[in-house]
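Protein chains in written order, with the working numbering: chain A, 443 to 556; chain B, 467 to 581.
Below: the structure, in structure tokens.
Below is the structure:
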């Protein structure tokens with residue numbers, strides 16, 4: 443079983459739709475949860491992060507963490523064609539004094555159509 | 467700030483050749499990382515460094531070497547290239563924040579093909 447599972451998609455939605463992207467994980471020590479967005483032939487860029495459980499909102503994006511279910515979600519409201527990209531979830535355990543090594547999901551490819 | 471820069475953008479190597487992938491960051495980050503990304507496999511950590519002169523292995527270090535002589539530069543060396551090293555390579559950097567250094571900034575990648 444992979445430590446982080448993510449549906450690769452592709453997920454195709456019409457413009458204006460609400461998009462739900464999800465990851466499940468098995469390591470209960472993960473405390474930091476991130477979503478990266480990666481456009482085609484570009485490097486990933488950090489979109490959102492949350493610490494432990496709860497919700498975090500930033501504009502059209504909401505990140506949700508449910509540690510009891512080991513499940514994280516990213517919601518995109520009013521999706522735009524410019525949101526078409528691959529979305530990678532990433533997770534990390536707390537690590538003082540050394541680099542936090544991120545464990546990535548495989549990424550979900552999202553296409554928002556006009 | 468240019469952020470994280472990588473050279474070259476593309477490279478084709480023959481089996482057995484060697485090359486160095488260059489990575490430079492201008493954000494004064496103390497942590498730097500090398501990842502490879504294969505289709506459907508996500509990002510895998512090759513090596514990382516917590517500061518100049520200190521490096522450590524990640525998940526998939528075999529066939530690679532790194533060095534970190536300055537804060538800014540973190541080159542990745544491939545010796546005796548093999549077809550299994552065909553991949554997209556990303557360099558990243560982050561600033562240590564006490565309890566974690568989760569906010570990693572990525573370069574644009576180097577697309578390597580070994581034939």
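Even glycine gets a Cβ: it sits at the ideal position worked out from N, Cα and C.
Keep in mind the model is a prediction, meaning the values are calculated, not measured.
Self-check item: CB contact flag (residue 545 of chain A, residue 478 of chain A, <9 angstroms)
Solution: Locating residue 545 of chain A in the first chain gives position 103, counting from the first residue. Locating residue 478 of chain A in the first chain gives position 36, counting from the first residue. Taking 9 angstroms as the cut-off, the Cβ atoms of residue 545 of chain A and residue 478 of chain A do not count as close.
Exercise. Rank A:554, A:525 and A:550 by C-alpha distance to the C-alpha of residue 452 of chain A and give the top, closest one.
Key: As a working mapping, residue 452 of chain A is identified with position 10 in the first chain. Comparing Cα positions, the closest option is A:550.
Quiz item: What does residue 481 of chain A pair with, by DSSP beta-bridge criteria?
Solution: For the purposes of this step, residue 481 of chain A is identified with residue 39 of the first chain, where counting begins at 1. Secondary-structure assignment with DSSP links residue 481 of chain A through no beta bridge to anything.
Quiz item: Is any beta-carbon of chain A found at less than 9 angstroms from that of residue 574 of chain B?
Solution: Position 108 of the second chain, counted from the first residue, corresponds to residue 574 of chain B. At least one chain A Cβ lies under 9 angstroms of residue 574 of chain B.
Quiz item: What span of residues does the beta strand (DSSP E) with residue 524 of chain B cover, start to end?
Solution: By 1-based counting over the second chain, the position of residue 524 of chain B is 58. Per DSSP, residue 524 of chain B lies in no beta strand (DSSP E) segment and is marked neither H nor E.
Quiz item: Closest by CA to residue 519 of chain B, which one among B:508, B:469, B:532 and B:525?
Solution: Residue numbering aside, residue 519 of chain B sits at position 53 when the second chain is read from its first letter. The residue with the shortest Cα to Cα distance from residue 519 of chain B is B:532.
Quiz item: For residue 523 of chain A, does the three-state DSSP call read helix, strand or coil?
Solution: Here the question's residue 523 of chain A lines up with position 81 in the first chain. DSSP, reduced to helix, strand and coil, places residue 523 of chain A within a helical segment of the structure shown.
Quiz item: Is the region 499 to 507 of chain A in contact with the region 472 to 483 of chain B, if contact means three or more CB pairs nearer than 8 angstroms?
Solution: For the pair of segments examined, the region 499 to 507 of chain A was found not to touch the region 472 to 483 of chain B: the number of CB pairs separated by less than 8 angstroms stays below three.
Quiz item: Using the rule of at least 16 other Cβ atoms within 10 Å of the residue's Cβ for burial, across every protein chain shown, is residue 458 of chain A buried or exposed?
Solution: Counting from one through the first chain, the residue named residue 458 of chain A turns up at place 16. By the neighbour-count rule (16 or more Cβ atoms within 10 Å), residue 458 of chain A is not buried but exposed.
Practice problem: Would you mind sorting residue 546 of chain B into buried or exposed? The rule is 16 or more other CB atoms within 10 Å of its CB. | Solution: Your numbering for residue 546 of chain B matches position 80 in the second chain. Burial is judged here by how many other beta carbons sit within 10 angstroms of a residue's own beta carbon; residue 546 of chain B has fewer than 16 and is exposed.
Exercise. For my contact list, residue 473 of chain A and residue 494 of chain A are in at a C-beta cut-off of 8 angstroms; report their separation, rounded to the angstrom.
Key: Position 31 of the first chain holds residue 473 of chain A. Position 52 of the first chain holds residue 494 of chain A. Right, their Cβ atoms sit about 6 angstroms apart.
Quiz item: In chain A, what lies closer than 7 angstroms to residue 507 of chain B by C-beta?
Solution: The sequence position of residue 507 of chain B within the second chain is 41, counting from 1. Correct list: 548.
Self-check item: Top-ranked residue by Cα proximity to residue 543 of chain A, from B:513, B:553 and B:505
Solution: Taking the first chain and counting its residues from 1, the one referred to as residue 543 of chain A is at position 101. Among B:513, B:553 and B:505, the Cα nearest to that of residue 543 of chain A belongs to B:513.
Self-check item: Inter-residue CB distance, residue 554 of chain A and residue 520 of chain A (contact presumed, cutoff 8 angstroms)
Solution: Here residue 554 of chain A refers to the residue found at position 112 of the first chain. Here residue 520 of chain A refers to the residue found at position 78 of the first chain. Incorrect: roughly 10 angstroms between the Cβ atoms, too far for contact.
Quiz prompt | Coarse secondary structure for residue 473 of chain A, derived from DSSP in three states | solution = As a first step, residue 473 of chain A is located in the first chain; it is residue number 31 there, counting from the start. In this structure, residue 473 of chain A counts as coil in the three-state DSSP scheme.
Self-check item: From A:484, A:522, A:483 and A:492, residue whose alpha carbon lies closest to that of residue 516 of chain A
Solution: Position 74 of the first chain, counting from 1, holds the residue named residue 516 of chain A. Distance from the Cα of residue 516 of chain A is smallest, within the candidate group A:484, A:522, A:483 and A:492, for A:492.
Quiz prompt | Beta-bridge partners of residue 581 of chain B, as assigned by DSSP | solution = Within the second chain, numbered from 1, the residue matching residue 581 of chain B stands at position 115. The bridge partners DSSP lists for residue 581 of chain B come to none.
Quiz prompt | residue 479 of chain A CB to nearest heavy atom of the ligand NAP below 8 angstroms | solution = Within the structure as shown, the ligand NAP is missing, as the structure has no ligands at all.
Quiz item: If you drop the 5 nearest sequence neighbours on each side, which residues of the same chain put their C-beta closer than 8 angstroms to that of residue 480 of chain A?
Solution: As a working note, residue 480 of chain A is residue 38 in the first chain. The beta carbon of residue 480 of chain A sits closer than 8 angstroms to the beta carbons of 486, 487, 527, 528, 529, 530 and 549 from its chain, once the five residues preceding and following it are set aside; these are given in chain order.
Quiz item: Hey, does residue 485 of chain A have any beta-carbon neighbour from chain B nearer than 9 angstroms?
Solution: Sequence index remark: in the first chain, residue 485 of chain A carries index 43 (1-based). At a cut-off of 9 angstroms between beta-carbon atoms, residue 485 of chain A makes contact with chain B.
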